[in-house]
Amino acid sequence: MELCFREDCYSLHPGTPWIPRGKDYLDGLIGLHEELEDFCRWILPTPVEHYVRNIVFFQVKEAILKLWPDAIVECFGSFRTNLFLPTSDIDIVVMGNWNRPPLDSLAQELLKCGIVDSSSLNVLDKASVPIVKLVHRETKVKVDISFNMENCVKGAQCLMDFMRIYPPLFKLALVLKQFLLQRCLNEVFFGGLGSYGLTLMIVSFLQLHPTLDTHRDDLNLGVLLVEFFELYGRHFNYTKTAIRVTGRGSYISKEEFAKSLGAHEQPSLLCIEDPAKPCNDVGRGCYGVLKVKHAFEYAYLVLTEVLENPDSEPSRDGNSLLGLVIQVSKETVEYRRWIHDTFSARVLPLVNLPVTYADVLTGNHSTTIPKCRFLLQQRSAWADRHVSICGDCTSALTKSDHQGSSVNLSAGLYECE
């Protein structure tokens, strides 16, 4: 399916740009499954979007290492797991020896390097997890930088392991992340349900499913989505129950989970044991969980009403069942179009697609990437600073990582022949 971000394509299906031109879905859960597949294909990042995010990560990493050469810089969250939406931020953690996180020093260095404008740089030193928030100046990609949060990287690895065990997890996570995003229920800072907690809830749902073998990759996504909404919107006991995903997964009482917490801590309303650090309650910051629960319940009621009574369905775009509960904003489509219009001519691959950061981490690529060529048109200061020419192969390598004809993929983007 060819992705389209043009204005006329969006006008054809406002709010549901994943629907291919002229496509009619079957009725019921089969049609919902087909539409979920189309949504996931559309929302997945393109090679250009991968390239842009890799450039942002390595620019920020370069600035950090310039300031602290011995620091360890890792990404975590959706960028590491490949579960990011078009407007998701990049989460970066810096490991080093500091008594207090040097937030201001980092902020000044990022300004000095020209990566960010002062108007889009925020130092949140009073937050429960102090971070530097920024918007990358040239790509508008959002970045959050924290310090010495080792468990974040471990948590991302846990999710990647779960995605190998439960094939439906990846697509369900993309869909449900968009569901929360459009309702402004995805920001932990504002009491919402973050990506990590949401994904662990999906893992638990798949682990404890009473009838389906969720290790299979041919399950009906429509069935799973409706049942997820039903479980967490109508039946899950948020008052008494904690979620545990280690082993085969289980529900435990909050009294039992409280034993692993500190003396002055109590389980939160949404209580999720962190598989990377069992004494951590992932749902602790989700004080708006009842809004999330009500949103899940609403989605369940809307979908089941249409599925059980097709003739009574409310107004919707074409025959989009998914569009009743999930929409993509015009601003998101315009941002994706802007990214491709601005950067694709500089990095458009003629042969071989670029590997993702997740591919590098999981080994889903050959050790040596075959020779690749890129069209570099309209070379700007951005390209001049961050793209080097390697012999007859134009490769997307940061100059600081470029060493002769080969680059370590854990430090750079591509490896030339």
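Counting from 1, one number per residue, gives the positions in the sequence shown under the UniProt record's numbering. Where a beta carbon is used, it is the ideal one built from N, C-alpha and C, also for glycine. Model, not experiment: these values are computed from the prediction.
In the same chain as Gly262, and ignoring 5 residues on each side of it, the C-beta atoms closer than 8 Å to its own belong to Cys279, in chain order. Taking 8 Å as the upper bound for CB-CB distance, Ile326 and Val223 are not in contact here, some 16 Å apart. For Ile92, the closest of Gln108, Trp98, Glu109, Ile72 by C-alpha to C-alpha distance is Ile72. The alpha-carbon separation between Glu74 and Asp274 amounts to approximately 20 Å. A residue is called buried once 16 or more other Cβ atoms fall within 10 Å of its Cβ, and Glu34 is buried on that count. The C-beta of Trp42 has 16 or more other C-beta atoms within 10 Å across all chains shown, which makes the residue buried. Remark: C-beta atoms of Ile64 and Leu106 approach each other more closely than 8 Å. At the C-beta level, Val188 and Phe147 stay beyond 8 Å of one another. Under the rule that a run must span 3 or more residues, the beta strand (DSSP E) segments found entirely inside the segment 53-106 read 72-76, 90-95. Secondary structure at Glu150: helix, using DSSP grouped into helix, strand and coil. In this structure, Leu322 sits near Phe39, with a CB-CB distance shorter than 8 Å.
Following the DSSP letters along the chain, one finds Lys23 in no beta strand (DSSP E), marked with neither H nor E.
Taking 8 Å as the cut-off, the beta carbon of Val123 is found closer than this to the beta carbon of Asp104. Here the C-alpha atom of Leu121 lies approximately 25 Å from the C-alpha atom of Lys177.
Gly96 has its alpha-carbon roughly 7 Å from the corresponding atom of Asp70. Of the other Cβ atoms in all chains shown, fewer than 16 fall within 10 Å of the Cβ of Ile252; this residue is therefore exposed. With a minimum length of 4 residues, the unbroken runs of alpha helix (DSSP H) contained wholly in the segment 179-222 fall at 195-207. Just measuring C-alpha positions, the residue of Asp218, Ile202, Leu172 sitting nearest Val245 is Ile202.
Contact between Leu159 and Leu180 does not hold, since their C-beta atoms are separated by about 16 Å, which reaches or exceeds 8 Å. Between the segment 293-302 and the segment 228-246 there are three or more C-beta pairs closer than 8 Å, enough to call the two in contact. Secondary structure of Val292 (DSSP, three-state): helix. Selection Pro20, Glu37, Arg53 evaluated against Asn220 yields Glu37 as nearest (Cα-Cα).
When the five nearest sequence neighbours on each side are left out, the beta carbons in the same chain lying within less than 6 Å of the beta carbon of Asp144 are those of Asp89, Asp91, Ile131, Lys133, in order along the chain.
Around the beta carbon of Pro310, fewer than 16 other beta carbons sit within 10 angstroms, so the residue counts as exposed. DSSP, reduced to helix, strand and coil, places Asp144 within a strand of the structure shown.
For Ile252, the secondary structure class from DSSP, reduced to helix, strand or coil, is strand.
In terms of Cα proximity to Arg216, the closest of Arg100, Phe170, Cys286, Gly191 is Phe170. Per DSSP, reduced to three states, the secondary structure at Leu321 is coil, with no helix or strand assignment. Distance from the Cα of Phe57 is smallest, within the candidate group Gly192, Phe236, Glu334, Arg137, for Arg137. Only buried fits Ser195, as 16 or more other CB atoms lie within 10 angstroms of its CB. In this chain, Cys113 is not harboured by any alpha helix (DSSP H), its DSSP state being neither H nor E. The C-beta separation of Gly283 from Cys271 comes to about 5 Å, placing the pair in contact by the 8 Å criterion. Relative to the Cα of Thr16, the nearest Cα in the group Thr332, Arg337, Ile339, Thr342 belongs to Thr332. Bounds of the alpha helix (DSSP H) holding Leu36 are 28-43. As computed with DSSP, Ala242 is found in a beta bridge with Ile252, Cys271.
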